[in-house]
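As numbered in this note's numbering, residues 3 to 637 make up the sequence shown, in order.
These notes are about the structure you will find just below.
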Amino acid sequence: MASSYAKTYAGWKADPEGFWSDAAGAIDWFKTPTRTFDGEDGVYGRWFPDGETNTCFNCIDRHVAAGRGEQAALIYDSPVTGQKRSYTYREVLTQVEAVAAVLLGLGVDRGDRVIIYMPMVPEAVFAMLSCARIGAVHSVVFGGFAANELATRIDDCRAKVIISASCGIEPGRIVAYKPLLDAAIELAGHKPAHCLVLQRPELSAAMNDGRDIDFADAVAGALSEGVPVPCVSVGATDPLYILYTSGTTGQPKGVLRDNGGHMVALAWSMQHFYGVRPGEVFWAASDIGWVVGHSYIVYGPLLNGSTSVLYEGKPVGTPDAGAYWRVIQEHRVRVLFTAPTAFRAIRKEDSSGSLIAGYDLSSLRALFLAGERADPDTLQWAEKVLHVPVIDHWWQTETGWPMAGNPLGLGLLPVKHGSPTVPLPGYEIHVLDDAGHAVEAGALGNIAVKLPLPPGCLPSFWNADERFRSACLAEFPGYYKTADAGFLDEDGYLFIMSRTDDIINVAGHRLSTGAMEEVCASHPDVAECAVIGIADAVKGQVPAGFLVLNSGVSRESSMIEKEVVALVRDRIGPVAAFKLAICVKRLPKTRSGKILRGTMQKIADGQEWKMPATIDDPAILDEITSVLTERHLPV
């Protein structure tokens with residue numbers, strides 16, 4: 003069908019408040035807002051300032067009341083434990099009320115903070131929704147996070163209660179959470195009153211008398227009493243959650259999300275961007291510890307009346323590179339959303355896509371990729387093996403929902419590989435030079451969004467308004483600084499090339515490492531890659547490419563390295579000074595799949611560096627150090 007994008011975007015731009023006022027009709031309000039936007043409130047304006055609502059009510063209660071009670075709300079699929087369970091909207095409501103009753107019994111009140119430190123289990127989703135139900139503010143911390151990092155979050159949000167589990171389960175290993183939790187509380191200056199601990203059968207945790215409470219026992223008690231817990235009416239601008247951004251060191255940076263605008267934006271995006279209808283199965287293959295999990299495992303699909311898949315597994319290794327195809331087939335997934343790194347891992351293990359032939363993927367309508375730059379080579383491979391639209395889109399923890407992408411729900415626009423396509427309604431995107439002036443089409447610069455940001459975006463950082471102003475708003479007055487670099491082409495398509503700190507300066511030339519990675523990834527033997535800038539006495543910086551090869555490649559790695567160097571010099575030119583490509587077994591990544599380029603650069607330059615809190619496997623950095631030493635680079 004022809005896209006209605008242009009008409010929709012123009013309608014928003016002509017009347018932003020009218021556009022979002024109409025969109026607000028998709029959720030239920032306890033007190034309908036009379037004002038859509040208050041430009042004087044808060045740091046830079048607030049949406050629906052006099053409205054009252056409740057996020058849990060909109061995700062669960064209203065669907066049960068409307069007759070969707072017996073529809074599946076949540077499908078739990080855990081290849082690491084062998085468990086599968088489907089929960090209807092009515093069953094979710096029963097569980098959420100019980101957890102809410104437990105929290106109320108522990109003295110949790112509206113506005114109190116609750117940290118959720120759990121694996122990908124249904125109880126984690128119930129905990130998030132129960133906090134929303136009673137007006138408490140949740141802060142989900144990725145399960146297994148280091149004790150000192152958890153401690154800083156406990157202190158920053160002053161959590162009254164922590165909800166945790168005895169362990170998380172990774173392929174081939176069990177990660178004990180409780181010792182990390184105990185150590186974090188010992189380190190923290192603020193001590194939570196209680197910890198609710200879900201004892202998993204794979205590992206039992208020792209309990210602290212007087213502080214720790216068995217989650218299952220407490221919930222079972224609440225279920226037996228069966229006391230209803232009504233949804234608390236909260237202000238649209240009241241906080242729903244705090245999410246600390248990955249890699250935070252020192253004083254944590256807690257991204258704040260409100261209730262009203264968040265729901266309006268997510269509800270709009272589910273149907274108009276992702277093209278998902280109520281009753282359909284939507285799978286965001288992420289983790290609830292990240293913003294994708296908040297927005298599109300929990301809140302977005304449930305607001306939409308869809309069925310959400312909660313997957314406790316990996317794209318490969320649980321048990322093989324066909325893991326995603328099994329889930330799609332079994333649960334009739336209509337739309338899949340995951341990170342490009344997941345597809346690179348699948349492609350590395352099954353470069354021909356041969357495992358797909360063993361599954362029925364006829365339910366799949368589209369694949370969405372986000373979380374890092376989707377290189378054209380990976381995207382085109384996914385198109386070839388899946389035979390559905392593969393849609394790159396771009397957003398951040400701070401925005402909470404997509405800023406740019408090809409809108410499936412409005413009708414797809416022509417694809418330009420390497421571009422997440424166009425800005426979505428709510429976002430007027432500009433590319434600026436370092437002085438804040440607009441650059442010409444095709445020129446690389448700082449990507450910034452004209453204020454005000456739309457509903458759903460962060461109103462500020464938790465208890466740190468001035469820090470938010472200085473970090474996000476001060477450098478380019480009138481704009482939100484995304485800290486991403488790229489360009490807009492003559493058709494208004496956006497190209498995200500790298501983070502601004504990944505722009506390297508080679509003999510006075512500003513060059514994008516993302517553009518070089520795109521060329522490296524085009525080599526048929528390369529599964530994934532990273533390009534960083536290394537300090538050079540003559541040129542300032544020179545690029546170095548790190549290459550992970552596809553499984554089964556038997557050619558000499560030195561030959562592939564030479565070919566990749568030649569590719570970059572041919573397609574980007576000698577100006578790139580690209581002379582160093584290094585084959586490695588793995589790249590260091592966060593648990594969400596983002597490559598830790600900044601840490602790699604510090605190692606290569608011989609600078610002091612700190613182990614990133616979000617790293618998936620610390621041993622990989624030792625491998626990188628060893629490889630750089632072999633190449634006689636400073637470490």
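Using N, Cα and C, we set each Cβ at its ideal position, and we do this for glycine too.
Residue pairing by DSSP places C531 opposite L549 in a beta bridge. Of the candidates G488, V521, I29 and V199, V521 places its Cα closest to the Cα of V566. Beyond the five residues adjoining it in sequence on each side, G488 comes within less than 6 Å, by CB distance, of I449, F497, I498 and M499 in the same chain, given in chain order. If only complete runs of 3 or more residues are kept, the region 252-312 shows the beta strand (DSSP E) at 256-260 and 283-286, in order along the chain.
Around the C-beta of P230, fewer than 16 other C-beta atoms lie within 10 Å, and the residue is accordingly described as exposed. Counting C-beta atoms within 10 angstroms of its own C-beta, K386 has fewer than 16 neighbours from the protein chains shown and is therefore classed as exposed. Boundaries of the beta strand (DSSP E) harbouring Y243: P241 to Y246, taken from the DSSP string. Annotated as proximal: L369 and V392, with beta-carbon spacing under 8 Å.
Rounded to whole angstroms, the gap between the alpha carbons of Q543 and D624 is 23 Å. Under a 10 Å Cβ-count criterion, V577 is classified as exposed, with fewer than 16 other Cβ atoms of the shown protein chains found around its own Cβ.
Look at the beta carbons and you see the region 319-338 touching the region 282-299: at least three pairs across the two are nearer than 8 Å.
A residue is called buried once 16 or more other Cβ atoms fall within 10 Å of its Cβ, and Q97 is buried on that count. Within 10 angstroms of the beta-carbon of R135 lie 16 or more other beta-carbons, which makes it buried. Burial check for K591: the Cβ neighbour count within 10 Å reaches 16 or more, so the residue is buried. If you keep only unbroken alpha helix (DSSP H) runs of at least 4 residues inside the region 426-514, you get 467-470.
In this structure, L305 places its C-beta atom within 8 Å of the C-beta atom of M265. According to DSSP, residue pairing for D17 in a beta bridge does not occur. Rounded to the nearest whole angstrom, the CA to CA distance from M122 to E314 is 5 Å. Relative to D30, the option among K541, A466, V236 and D527 whose CA is nearest is V236. Within the same chain, K483 come within 7 Å of E477 by CB-CB distance, once the 5 residues on both sides are set aside. The Cβ atoms of I562 and L551 lie closer than 8 Å to each other. In the three-state reduction of the DSSP assignment, I574 falls in the coil class. DSSP places R115 in the uninterrupted beta strand (DSSP E) bounded by R115 to Y119. Between A129 and V94 a beta carbon distance of about 12 Å is seen, past the 8 Å cut, so the two are scored as non-contacting. Look at the beta carbons and you see the region 440-448 not touching the region 31-38: under three pairs across the two are nearer than 8 Å. Shortest Cα-Cα distance from D572 to any of H525, W611, I597 and A537 involves H525. Per DSSP, reduced to three states, the secondary structure at S88 is strand.
Inter-segment contact for the region 69-80 and the region 142-161 is absent: fewer than three beta-carbon pairs are separated by less than 8 Å.
For E172, the three-state secondary structure derived from DSSP is strand. In the DSSP annotation of this structure, the continuous segment of the beta strand (DSSP E) that includes V337 starts and ends at V337 to T340. Pairing G547 with C531 gives a Cβ-Cβ distance under 8 Å.
For D352, same chain residues with a beta-carbon under 7 Å away, outside a window of 5 residues either side, are A323 in chain order. Counting only residues of its own chain and dropping the five nearest sequence neighbours on each side, E430 has a CB closer than 8 Å to the CB of K15, V451 and K452. For the region 378-428, the continuous alpha helix (DSSP H) assignments of 4+ residues that do not extend past its boundaries occur at 378-388, in sequence order. In the three-state reduction of the DSSP assignment, Q543 falls in the strand class, which pools E and B.
Nearest C-alpha to A103 among A190, L131 and H274: L131.
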